[in-house]
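These notes concern the structure reproduced below.
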Amino acid sequence: MSLPGFLLLQTLDDWRITPAGRLEWTMVADARDVEPDALAEGVAEYCRAQGAESARLVMALDARSTLAGSFDIEPGDERHRSTLDFELETLLPWSAEETVADYLVQATSVLGVGIERACWVPLVAALEDRGLHVESIGSALMMAVQGAGETGWLPREGGLVWPDEEMWHVVRLVDGRPRHWSIWQRGDPLITSEIAESAESSESHAGAAAWLLCGDDPVFEGLPNDVLPVDVERADVDSFAEHVRVTADLVLRGVRASWIELRRGPLVLGSRHRALRGGLLAAAAGLGLFLLACITAFGYRAVRNDREAERLRAEQIAVYRRLFPGKRVPVAVVARLRSEHARRLASRRIPADINLPRPAMSVLYDFLRGMPEKPRLHVRELRIEDGQLDLQGDVKRHSDANAVARSLREAGFDVPPPSTEQNADRSVAVRLFARWQPPTPTAKRPAGRNVSRKGGRP
Amino acid sequence: MSQMAEARPMRHRRGTWLGALVGTSLFILAGVAYGRYTASLERLHDARARLAQCRQLADDIRRLDTLPAFAAIDADSQDATARRIERALHAARLPEDAVLRILPPAQPYRLGDSPYQVYATRIELKQVAMRQVVEFALALHDAEQGVTVRDLRLWSPGRRPTGATETWSAEVTLTQLAFSPKTR
Numbered sequence: 012m013s014l015p016g017f018l019l020l021q022t023l024d025d026w027r028i029t030p031a032g033r034l035e036w037t038m039v040a041d042a043r044d045v046e047p048d049a050l051a052e053g054v055a056e057y058c059r060a061q062g063a064e065s066a067r068l069v070m071a072l073d074a075r076s077t078l079a080g081s082f083d084i085e086p087g088d089e090r091h092r093s094t095l096d097f098e099l100e101t102l103l104p105w106s107a108e109e110t111v112a113d114y115l116v117q118a119t120s121v122l123g124v125g126i127e128r129a130c131w132v133p134l135v136a137a138l139e140d141r142g143l144h145v146e147s148i149g150s151a152l153m154m155a156v157q158g159a160g161e162t163g164w165l166p167r168e169g170g171l172v173w174p175d176e177e178m179w180h181v182v183r184l185v186d187g188r189p190r191h192w193s194i195w196q197r198g199d200p201l202i203t204s205e206i207a208e209s210a211e212s213s214e215s216h217a218g219a220a221a222w223l224l225c226g227d228d229p230v231f232e233g234l235p236n237d238v239l240p241v242d243v244e245r246a247d248v249d250s251f252a253e254h255v256r257v258t259a260d261l262v263l264r265g266v267r268a269s270w271i272e273l274r275r276g277p278l279v280l281g282s283r284h285r286a287l288r289g290g291l292l293a294a295a296a297g298l299g300l301f302l303l304a305c306i307t308a309f310g311y312r313a314v315r316n317d318r319e320a321e322r323l324r325a326e327q328i329a330v331y332r333r334l335f336p337g338k339r340v341p342v343a344v345v346a347r348l349r350s351e352h353a354r355r356l357a358s359r360r361i362p363a364d365i366n367l368p369r370p371a372m373s374v375l376y377d378f379l380r381g382m383p384e385k386p387r388l389h390v391r392e393l394r395i396e397d398g399q400l401d402l403q404g405d406v407k408r409h410s411d412a413n414a415v416a417r418s419l420r421e422a423g424f425d426v427p428p429p430s431t432e433q434n435a436d437r438s439v440a441v442r443l444f445a446r447w448q449p450p451t452p453t454a455k456r457p458a459g460r461n462v463s464r465k466g467g468r469p
Numbered sequence: 067m068s069q070m071a072e073a074r075p076m077r078h079r080r081g082t083w084l085g086a087l088v089g090t091s092l093f094i095l096a097g098v099a100y101g102r103y104t105a106s107l108e109r110l111h112d113a114r115a116r117l118a119q120c121r122q123l124a125d126d127i128r129r130l131d132t133l134p135a136f137a138a139i140d141a142d143s144q145d146a147t148a149r150r151i152e153r154a155l156h157a158a159r160l161p162e163d164a165v166l167r168i169l170p171p172a173q174p175y176r177l178g179d180s181p182y183q184v185y186a187t188r189i190e191l192k193q194v195a196m197r198q199v200v201e202f203a204l205a206l207h208d209a210e211q212g213v214t215v216r217d218l219r220l221w222s223p224g225r226r227p228t229g230a231t232e233t234w235s236a237e238v239t240l241t242q243l244a245f246s247p248k249t250r
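Residue numbers (the numbering used here), protein chains in the order written: chain A, 12 to 469; chain B, 67 to 250.
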């Protein structure tokens, strides 16, 4: 987004302004030494009238506000700006610290142009405060010469004399750029020797030189060619301000930089992106509020989550206490419950694939229950091994053995036919094997086949 | 005015730095707050999962507690087995000299491929009544510890005289089923 540009020109008598690309001068202050705030307000009003709340400005300062000096330097010194500042300081009435200067360097020759910092900082600040971004501050004459060069009629070697209401500005050109700038009172006859000296110097550099007397100044009529030591031409220059505007337009479009740019150091008060500042500030404020909202929301949710987690932890403890009343609550409730669970699984859930030891008392109980009243059986040895019953005894008759076996079958034993053998005393020895069939598990009993509670029937 | 204008860039820079500082601080704080939030969320999910696990385990434990025990978590020591036998003798009103010998478990054996082992202790009794043998065996039984009399051998020493009290010699094999995973 580009703001509209304006050229603010200081003249001998006033300050005037024109939109970039046009030459429609409007006087915004009727004196050159106007108060900064008054001038800034005038400029702001003008811009607002042009529909621009914010604008970019190129300031072109009159020659009486600037001072120039030429000096030579050692090769390489041009890279050290402080060296140039202190060289120029010797030519100006201000100290280097009080001066804002810029330089045109050609080999070892330097043309420096400076202004007094204290005079211009308030004006730039007042303009910036009103949303007017000072994009460039230049010397009006240097801008006019640069503008003349852009239009193509400026000689590459030689010079020009540019008069204004009070003075003649004599600018010596080398390679199309100003090398030296001097100011003369109008009608000063010594100017001829200056031009002659400059012409000789120019010729010694580049041979043929051309000099221009710019403008339609009647004083030039008093300077016949035969008086001047070199040939001069009269240039038909319409307007000094027009050439300043050409340079200002180029600067505002970003095509060229001004030869002498005095917006530097303490005069750089605003940003060229000032127009975006409001939006950026709003975006930054919005982002800040968003971040604050995020911080608050995250913090609030974190506190709530922690409270909820604490409540759930208390609930864990309550579950443990309900399960094991009176027991000390361990730190790791879940781990303890897992351990208790594992213990119970190991001791109370009978795996389907194992055969538990069969209690002999259950076998004995069923055996005694299944024994018939008659025939009578005399037990000599009873062996119960893991549900297998091995009986040796005596009965009166062989058939009694079968009766005993039958009774045991009715009691739930799996009994093959018993073997019998007559004893010496005519009784019959019987040997009987039986396999105990455990009772069928009921819904209330575990999956195991032969488990019973302590104190009950084993 | 001049001094104010001179101070402007400094103020401007200070404001920019302050804004950058505040912005950076806000970002850092937002990051910290977000980190705390995600950590608290993780803790909350963890607490929910743990509570659900607690409830599930508690329900399972209650259900398992309704089931009879069939095995011990740890096998009895020899002392504990001896005390158990003494208590059973006392309960059956058997004199201590009724115990002819006690053969402790030589080596437990594993029930199939299961994590359970059986420890068998053989106790030989002499001249005991059938009722005493039964009471002795019942007193030995302790389902909570996986203890039961698995094997029993009773034999009559010989023909008793008519009217004499019937006595038996008995060999009681006391077994304890204990949880003993192979990885132990």
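Glycine included, every Cβ here is placed at the ideal spot set by N, Cα and C.
- By the rule that beta-carbons nearer than 8 angstroms mark a contact, B/Ala164 does not touch chain A.
- The Cβ atoms of A/Val374 and A/Leu400 sit closer than 8 angstroms to each other.
- Around the beta carbon of A/Trp131, 16 or more other beta carbons lie within 10 angstroms, which makes this residue buried.
- With a cutoff of 8 angstroms on beta-carbon distance, A/Gln21 and A/Ala129 are scored as not near each other.
- For A/Ile194, the beta-bridge partners assigned by DSSP are A/His180.
- The beta carbon of A/Trp105 sits closer than 6 angstroms to those of Glu127, all from its chain and outside the five residues before and after it, given in chain order.
- The beta carbon of B/Gln183 lies closer than 6 angstroms to those of Pro174, Arg176, Ala244, Ser246 in the same chain, with the five residues before and after it left out.
- With three or more CB-CB distances shorter than 8 angstroms, the segment 143-163 of chain A counts as touching the segment 68-80 of chain A.
- Around the beta carbon of A/Tyr57, 16 or more other beta carbons lie within 10 angstroms, which makes this residue buried.
- Rounded to whole angstroms, A/Arg92 and A/Trp192 show a C-alpha spacing of 20 angstroms.
- Contact check for A/Ala112 and A/Gly123: beta-carbon distance about 5 angstroms, within the 8 angstroms limit, so the pair qualifies.
- Secondary structure note for A/Met38: its beta strand (DSSP E) is the uninterrupted segment 37-40.
- Rounded to the nearest whole angstrom, the CA to CA distance from A/Glu35 to A/Ile28 is 8 angstroms.
- For the set B/Ala148, B/Ala99, B/Pro161, the Cα lying nearest the Cα of B/Pro171 is the one of B/Ala148.
- Separation of A/Arg355 and B/Gln122 (C-alpha to C-alpha, rounded to the nearest whole angstrom) is 14 angstroms.
- Under the three-state reduction of DSSP output, A/Leu14 falls in the coil class, being neither helix nor strand.
- With a 10 Å radius around the Cβ and a threshold of 16 neighbouring Cβ atoms, A/Gly297 comes out exposed.
- Contact between the segment 154-168 of chain B and the segment 186-194 of chain B is present, with at least three C-beta pairs closer than 8 angstroms.
- Counted as a single uninterrupted DSSP element, the stretch harbouring A/Val342 is not any beta strand (DSSP E), since DSSP gives it neither H nor E.
- The criterion of a C-beta distance shorter than 8 angstroms is satisfied by A/Pro383 and A/Val415.
- With a contact defined as Cβ atoms closer than 8 angstroms, A/Ala422 and A/Arg380 qualify at about 6 angstroms.
- Excluding its 5 nearest sequence neighbours in each direction, A/Ala353 has no C-beta neighbour in its own chain below 8 angstroms.
- A straight-line Cα-Cα distance of about 19 angstroms links A/Ala313 and A/Leu300.
- Rounded to the nearest whole angstrom, the C-alpha separation of A/Ile84 and A/Leu115 is 12 angstroms.
- Here A/Leu103 is near A/Thr110, since their CB atoms are less than 8 angstroms apart.
- With fewer than 16 other Cβ atoms inside 10 Å of its own Cβ, A/Gly265 counts as exposed.
- With a minimum length of 4 residues, there is no unbroken run of alpha helix (DSSP H) contained wholly in the segment 90-125 of chain B.
- Listed in chain order, the positions of the segment 347-367 of chain A with a beta carbon within less than 8 angstroms of a beta carbon of chain B are Leu348, Arg349, Glu351, His352, Arg354, Arg355, Leu356, Ala357, Ser358, Arg359, Arg360, Ile361, Pro362, Asp364, Ile365, Asn366, Leu367.
- If you keep only unbroken beta strand (DSSP E) runs of at least 3 residues inside the segment 155-186 of chain B, you get 165-169.
- Taking a Cβ-Cβ threshold of 8 angstroms, the residues of chain A close to B/Leu130 are His352, Arg355, Leu356, Arg359, Arg360, in chain order.
- For B/Phe245, the beta-bridge partners assigned by DSSP are B/Tyr182.
- The segment 158-166 of chain A and the segment 192-201 of chain A do not touch, with fewer than three beta-carbon pairs separated by less than 8 angstroms.
- Residues are counted here when their Cβ sits less than 9 angstroms from a Cβ of chain B; for the segment 265-276 of chain A the count is zero.
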